[in-house]
Amino acid sequence: MSDAIAYERVGDVAVLIAQNPPVNALGLDVRAGLVAGIERAEADEGVRAVLIYGDGSTWFAGADIREFGKTPKEPYLPDVCNRIEACPLIVVSAMHGTALGGGFEIAMSTHYRIAVPKARMGLPEVHLGLIPGATGTQRLPRLTGVPAALDLVTSGRQINAKEALSLGVIDRIEEGTPRDIGLAYAQELLDAGAPRRAVSELPAPEPVDFDAAYDAALKKSRGQISPAYGVRAVQAACELPFAEGVAEERRLFLELMGTDQRQGMIHAFFSERAVGKLPELKGVEPRGIAAIGVIGGGTMGAGIATAALLSGLKVVMLEMTPEAAEAARGRITGNLGGALKRGKISQDTHDDMVNKALTLTTDYAGLSDVDLVIEAVFEDMGVKKQVFTQLDEHCKPGCVLASNTSYLDIDEIAACTKRPEDVIGLHFFSPAHVMKLLEVVVADKTAPDVVATGFALGKKLGKISVRAGVCDGFIGNRILKTYRTAADHMVLDGATPYQIDKALTDMGFAMGPFAVGDLAGLDIGWATRKRLAPHRDPRERVPTYIDKVCEAGNFGQKTGKGYYIYEAGKRAGVPNPEVLELIEAERAERGITPRDFSDDEIRRRYMAAMVNEGAKVLEEGIARRPLDIDMVFLFGYGFPRYHGGPMKWADLQGLPALLDDIRSYAKEDPYFWQPAPLLEQLVAEGRTFDDLNKDAA
Ligand code: 3HC
Ligand code: NAI
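559 is the number that my numbering gives to position 506 of the sequence shown; each next residue is one higher, with no gaps.
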């Protein structure tokens, strides 16, 4: 027996206990242990049933993802599942925690399934760029029918025990420990003379229109292929005998295992968990946070306050006037009303949040008790400094003073206080109660426990927190500025904003840069261009056509017109013909003869700009690791998860070809296209960005 599966005998029942913390992943030892346990039970005189359960916090949470990409070792998981089902004794699963992927497949291979009420189940493989590869796509539809199986396989969503019971996936729900409820259930089955039940022997499920389901899956996933593969695997369950269906599932699974999408998504899985682990914070205790202050209740302040209330914190909101404070309350209650409507909070909780946990004030004295303050006032250094001077005066010692600024220098803000060690940037994304990203911006003098507090707050609010250094725009907005410029250059040279947006949504982006501009509001960029115009380097190429759109009072979605025209009631816009005319006029004025851009060239230029700036951000220490940049883009900028993030995308494309591209673009415009020395160095050494992640681990 392997150490990962303990064997015990309780009366007529052999008990197999998974002991592979933290999540009982089905690594080699566990798989071998399960087979050995079944064999031992079969040989153990007097044993009539086998109970399987997991020690610790969960049932098996799936195959061991760290083994993916390596040569698989026997026994393979589908064989383990089939071996369990073939056992002549009654095999019972008692589930708690999360029965996911291979773990759920093991459960479906046993003859009876019981779970605690809080247990959750699912086949999340699509989120790893895969499909269930251990008989799940063949057994699940036999249990639930095809529509429910297609839903679970293609969405990867988890279901609770109640839904699992109603779908026929489990037989019973019982309060208790998995050991106790499992042993009682096994005994009850033995006493009742219950037969051995094999899911594989159930009749093949009724088919549906699989071609339509395949097309729907492809469309919904924006180019991610694994959900569509899942449809084909479930189809095999209807059309082939069980063993052949399993072989077809395995073929599809192995094909996906070889794809870049699988690599991108597994990179995302591990990076999401690594991003908050900073060596410098090991052993550093965060400061306690029970109440926070928020300064400014506009778009961002109201969103931040909402997120804090939803996580159980008390919030003191400070605005300039009682009217502005009431307007802030309106925004916050509007946001909380949305959470109530979606069933995320109860009416009582909602009322408590609005009436008890939220306090409004116009007086800094009201902030004397809070543990952390987040400033979200206008993006103006003078205003920010006034606010921080007041905070310094009124907040208690040890209170963390944070700014939500998008671009401004946190060192300069910190310098206007007498406690720069308590000052940090906490950069949320809009809408702040929805978007998952939080950039934790560490200034020169920020104390380590203040950084730890930023991360602890992020965790409490359910955010993915990424450490960033101080520069104009930190990680995300700084890189955004560069690739947005690359897109603007392509428009001047012959592409249209619509072609660029389409080329990028075809790559899986939620939106292209011009549609994003319309959503964010074109007035912000217009104001910045006017401010920067007198200081520009003459070599910079900045289009002016969109300023004319702004001059006419068109700022994008909020005014109904920008790059696109938005009809009332419709979220997606149609191209604005005036924009095309203005672009043509500007090209003529600049003496540019427009040329064609293929979609592929658009994507390569856009991504090259993103990755090149990313490499510079790394070189300067603004981001610590390539994976930090990847997570910023996945969680803050709608970057397609299945590419893993821009730096992972670059690795998968091959860095030498990317550098060649940048060098060739530099011949046209050496001012904009400066290859990042770090990228040149990696290419010279034959290394990748992922090697840098490993160096930092
Ligand atoms: N394999 C290897 N390691 C895993 C793992 C897995 N399946 N699941 C989790 N881990 C690791 C995490 O990386 C983390 O490691 P770290 O501490 O070194 O960072 C540790 O276990 C704890 O994980 P979390 O921090 O995520 O813990 P939570 O308690 O928040 O969540 C969980 C637990 C819900 C199980 C979550 O980890 C999860 O969703 N895991 C992935 C589940 C999954 O995708 N299973 C399917 C795998 S693919 C498969 O089974 C293929 C099959 O069909 C052939
Ligand atoms: P906003 O204009 O919607 O809100 C600003 C609020 O601050 C207003 O309600 C105003 O009354 C209040 N305010 C101004 N000066 C004040 C003062 N001295 N004391 C108290 N309240 C004051 O602005 P928005 O969009 O919420 O932005 C706020 C900050 O967040 C800015 O620094 C911005 O750069 C940053 N940010 C904005 C994002 C966005 O998408 N809007 C995203 C991330 C950061």
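Positions of the beta carbon are idealized from the N, C-alpha and C atoms, including for glycine.
Around Ala-381, the same chain offers Gly-350, Ala-355, Met-370 and Glu-372 as residues with beta carbons nearer than 6 Å, after the five sequence neighbours per side are excluded.
Annotation for Thr-386: Val-407 place their beta carbon closer than 8 Å to its own, counting only its chain and skipping 5 residues before and after.
For Ile-118, the Cβ falls inside the 7 Å cut-off from some heavy atom of the ligand 3HC.
Shown here, Ser-364 sits in coil according to DSSP, grouped into three states, outside any helix or strand. Distance from the Cα of Leu-79 is smallest, within the candidate group Asp-590, Pro-723 and Lys-126, for Lys-126. Beta-bridge pairing by DSSP links Ser-399 to no other residue. Non-local beta-carbon contacts of Arg-210 in its own chain, meaning distances under 7 Å to residues more than five positions away in sequence, involve Gly-175 in chain order. Assignment of beta-bridge partners to Asn-213 by DSSP yields Arg-173. Residue pairing by DSSP places Ile-348 opposite Leu-371 and Glu-428 in a beta bridge. If you check the C-beta of Gly-349 against the ligand 3HC, you find no heavy atom less than 7 Å away. Comparing alpha carbon positions, the residue from Gly-391, Asp-262, Gln-443 and Thr-506 closest to Leu-334 is Thr-506.
In this structure Arg-694 is buried. Its beta-carbon is surrounded by 16 or more other beta-carbon atoms within 10 angstroms. The Cβ atoms of Ser-279 and Arg-192 do not sit closer than 8 Å to each other. Taking all protein chains shown into account, Glu-92 has fewer than 16 neighbouring C-beta atoms within 10 Å of its C-beta and is therefore exposed. Taking Glu-604 as the centre and dropping the five residues before and after it, the same chain places no C-beta closer than 6 Å to its C-beta. The DSSP assignment places 58-63 and 66-71 as complete runs of the beta strand (DSSP E) inside the region 54-95, in order along the chain (cut-off: 3 residues). Here the C-alpha atom of Phe-481 lies approximately 41 Å from the C-alpha atom of Thr-230.
By the Cβ criterion, the region 149-164 is in contact with the region 134-141, since at least three pairs of Cβ atoms, one from each stretch, lie closer than 8 Å.
The alpha-carbon of Leu-735 is positioned some 13 Å away from that of Val-664. A residue is called buried once 16 or more other Cβ atoms fall within 10 Å of its Cβ, and Asp-649, having fewer, is exposed. The region 672-680 and the region 626-636 do not touch, with fewer than three beta-carbon pairs separated by less than 8 Å.
Taking 7 Å as the cut-off, the C-beta of His-320 does not count as close to any heavy atom of the ligand NAI. Excluding five sequence positions before and after Cys-140, the CB atoms of its chain that fall closer than 7 Å to its own CB belong to Ile-91, Glu-95 and Val-103, given in chain order.
The alpha carbon of Glu-432 has as its nearest neighbour, out of Val-328, Asp-416, Gly-578 and Thr-374, the alpha carbon of Gly-578.
Relative to the Cα of His-149, the nearest Cα in the group Val-76, Tyr-551 and Gly-739 belongs to Val-76. Distance from the C-beta of Phe-508 to the nearest heavy atom of the ligand 3HC is not below 7 Å.
Distances from the alpha-carbon of Leu-205 to those of Ile-105, Val-287, Ala-378 and Gly-626 put Val-287 closest. Ala-85 is a Cβ neighbour of Ser-55, given a cutoff of 8 Å. Beta-bridge pairing by DSSP links Lys-614 to Gly-609 and Ile-618.
Remark: the C-beta of Val-493 is outside contact range of the ligand 3HC, defined as less than 7 Å to any heavy atom. Along the region 657-697, the beta strand (DSSP E) does not occur as any fully enclosed run of 3 or more residues. A distance below 8 Å separates the beta carbons of Gly-186 and Glu-302. Distance from the C-beta of Pro-75 to the nearest heavy atom of the ligand 3HC is below 7 Å. With a cutoff of 7 Å, Ala-521 does not count as near the ligand 3HC, since its C-beta is closer than that to no heavy atom of the ligand. Looking at the DSSP output, Ala-168 bridges to Met-148 and Ile-226. Secondary structure in the region 475-545: the alpha helix (DSSP H) runs of 4 residues or longer, each lying completely within the stretch, are 501-513 in chain order.
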